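Just below is one structure, and these are the notes that go with it.
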Amino acid sequence: MKALVVHPPNKGVEVKEISDIDRSLNGNEVLIKTIANGICGTDRGIVSGLLKFSRPPTEKNSLVLGHENLGQVIDKGSNVQGLSKGDYVVSIVRRGCGKCSNCLAGRQDFCETGEFVEAGIRGLDGFMREFYIDNTSYLVRIPYEIVDIAVLLEPLSNVVKAYNELMLTQRRMIWWCKDGSYGCKNVAVVGSGPIGLLFSLIFSVQGFNTFVLNKRDPFPTEAEIIEKINAKFINTTKGQLPYVIDVLIDTSGYPSAFIPLMNKLNKNSAVILFGTTGGEKFEVNADLITYLVENNVLLFGSVNASKRDFEEGVNYLTIWKYRYPTVLNKMITRVVKPEEASEVLYTKPRGEIKTIISWV
1199 MKALVVHPPN KGVEVKEISD IDRSLNGNEV LIKTIANGIC GTDRGIVSGL LKFSRPPTEK
1259 NSLVLGHENL GQVIDKGSNV QGLSKGDYVV SIVRRGCGKC SNCLAGRQDF CETGEFVEAG
1319 IRGLDGFMRE FYIDNTSYLV RIPYEIVDIA VLLEPLSNVV KAYNELMLTQ RRMIWWCKDG
1379 SYGCKNVAVV GSGPIGLLFS LIFSVQGFNT FVLNKRDPFP TEAEIIEKIN AKFINTTKGQ
1439 LPYVIDVLID TSGYPSAFIP LMNKLNKNSA VILFGTTGGE KFEVNADLIT YLVENNVLLF
1499 GSVNASKRDF EEGVNYLTIW KYRYPTVLNK MITRVVKPEE ASEVLYTKPR GEIKTIISWV
C-alpha cells in the first residue's frame, strides 16, 4: 500500500509502498481505510527537518507521517463493540506511557513521564497511508452528517482542550459580565490559520468579542469566514487593537507576535500559548513580569487532547455545521492526492487555511 514516509530528524518525504498490516486483527482492533488527512505545521516541521523531537518507531528508521485523519472501518475484530463495518472514525494521536496516573486514567495529553508516543510524529507510524489497524480505545465514531468536515476534528480537539482549561482555571474568581454572559470580554487570537480560526469560532459562539490578529490583510476566504462568525480581523501593522484584552491566544509560536500585546492584558486575564516554533529570541523584561503579577494574569501552555476532547469536538462540529452551513467547508481550501502531497508539505500555498490529502 502507498504511504507518505519520512526519516526524522532528516529532511524529506517520499511516497512509497509499505506492507506492515499483513496480519489478522486482534479482538479489539479494526482495519481502517484512510479517507483523508489534514496537513498542518507539525507535518511541515517534520518534513523540513526542523522538529527535532520527531522520531521513528523503535527499531525502524522511517516514520509514516500524518496525525490529522479520517477513515472508514472495513473489518473488525471479534470483540469490537459500538463500531460496524462502514462506520467513519477519527483516531486520537497520543498514546500514553502506561505508567503515570494521567495516562492510566485516559489523560495521556498530561503524561507525566514523557514516554508517550504520537502517531505520525514520534515513535508511532501515522495515518498518511491507505490502510491502518487501530484499537477501538483510540477511535472516535463520526456521524455521517459531518463526514465532509470531520478531518478538522483533530485540530479542533486541541482547541476544545485549551478552551476547557481556560474556563476551568478562570473559575478562580467571578469572571463573567454583570448580565451573566461574556459579552464584555475581549479575546485576541494571534494567527489566522486553521487553529486560529477554530479558536475564534469557539469563543465567538460563546459570546466573546473575538479579534483575529495577523500582520497582513485577510485573504478573501479568511475574511468571509471571520465575518460569518461575527469576529473581527485586525491587520496589526495598521489596525486598531482592542483597548484591553481578557484572553490572549498565540497560535504562531513567535514571541515577537504576542509579547508586545501583553501590556494590553486586563486584570485577571489569561494567556494561552498554543503555537510552537524555534529559533526566535525576544526580550521579556522585569516590568512586564511585574505587570503580569500585579494584575493576576494567568499564563499556560496547552498541547494535544484526550479522547473526551475529540468526542466533545464531534458535538461542536455537528452544531456549527447547522449554525454556519458553509464556514467549516470553506476552511478546506485545497484537496490533493497522495502523489501531489510532497509539494504542499514543503511549501505552504498562499491563501491556504487547510489543505487535505484525499485517499479516495
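Just so we're aligned, residue 1199 is where the sequence shown starts under my numbering, counting upward by one.
Heads up, the beta-carbon is just placed ideally off N, CA and C, and yes, glycines get one too.
A quick note: this is a predicted structure, and the numbers were derived from the prediction, not measured.
Let me know the secondary structure DSSP gives residue i once reduced to three states.
i	result
A1386	strand
Q1270	strand
D1241	helix
I1562	Absent from the model: residue 1562. The displayed extent of the chain is 1199 to 1558, so no value can be given.
L1395	helix
V1278	coil
S1217	coil
R1293	strand
D1507	helix
N1461	helix
E1310	coil
R1320	strand
V1541	Rather than Val, the amino acid found at residue 1541 in this sequence is Glu. Helix.
I1551	coil
I1372	coil
A1468	strand
R1521	helix
Can the beta-carbon of residue i be found closer than 8 Å to that of residue j?
i	j	result
V1291	V1203	no
L1411	T1434	yes
L1515	L1351	yes
D1444	N1464	yes
A1386	P1440	yes
R1339	V1278	no
G1318	H1265	yes
F1498	E1310	no
P1418	F1431	no
R1242	K1546	yes
T1367	L1471	no
L1337	L1281	yes
Between residue i and the rest of its own chain, which residues show a CB-CB distance below 7 Å, the 5 nearest in sequence each way excluded?
i	result
P1206	I1244, S1252, R1253, P1254 and L1261
L1322	P1255, R1293, V1315 and E1316
T1475	G1451 and Y1452
G1225	G1275, S1276 and N1277
G1405	S1379, Y1380 and G1381
M1371	N1466
E1478	Y1452, P1453 and S1454
Near residue i, what residues of its chain come up, given a Cβ to Cβ distance below 8 Å and the 5 sequence neighbours on each side ignored?
i	result
T1232	N1267, L1268, G1269, F1325, M1326, R1327, E1328, F1329, Y1330 and W1557
N1493	L1463, N1464, K1465, N1466 and S1467
M1559	Outside the shown range of the chain, which is 1199 to 1558, sits residue 1559, and nothing can be said about it.
K1359	D1307, S1500, N1502, A1503, S1504 and D1507
R1414	N1433 and T1435
By how many angstroms is the C-alpha of residue j removed from the C-alpha of residue i?
i	j	result
Y1489	S1450	23 Å
K1552	I1447	20 Å
E1538	I1555	9 Å
S1289	S1222	20 Å
F1409	N1384	8 Å
D1273	K1519	29 Å
K1258	N1208	14 Å
E1215	P1536	12 Å
G1239	Y1544	10 Å
N1356	G1473	11 Å
I1400	G1378	18 Å
G1236	M1460	32 Å
I1596	S1246	Because the chain in this structure spans residues 1199 to 1558, residue 1596 falls outside the shown range and cannot be described.
G1296	G1312	11 Å
Y1522	E1422	12 Å
K1283	T1524	29 Å
G1391	L1526	13 Å
V1271	I1517	24 Å
W1374	S1402	15 Å
V1469	S1335	33 Å
E1420	K1426	10 Å
V1442	A1201	48 Å
G1437	V1213	44 Å
Using a Cβ-Cβ cutoff of less than 6 Å, which residues in the same chain neighbour residue i once the five nearest sequence positions on both sides are dropped?
i	result
F1480	P1453, S1454 and I1457
E1227	G1275, I1331 and N1333
S1540	V1211
Y1361	I1400
G1549	F1417
G1389	T1449 and S1450
Please indicate yes or no: does the CB of residue i lie closer than 7 Å to some heavy atom of the ligand GDP?
i	result
T1367	For the ligand GDP, the structure offers nothing, since it holds no ligand at all.
Exercise. Should the region 1306-1320 be regarded as contacting the region 1490-1507, the criterion being three or more beta carbon pairs within less than 8 Å?
Worked result: yes
For this session: Taking 8 Å as the threshold, find out whether the region 1335-1352 comes into contact with the region 1524-1538 through three or more Cβ pairs.
Result: yes
Exercise. Hey, is the region 1476-1485 in contact with the region 1504-1514, meaning 3+ C-beta pairs nearer than 8 Å?
Worked result: no
For this session: Kindly confirm or deny that the region 1331-1343 and the region 1294-1303 touch, where touching means at least three C-beta pairs closer than 8 Å.
Result: no
For this session: Determine contact between the region 1453-1464 and the region 1391-1401, defined as no fewer than three beta-carbon pairs at a distance below 8 Å.
Result: no
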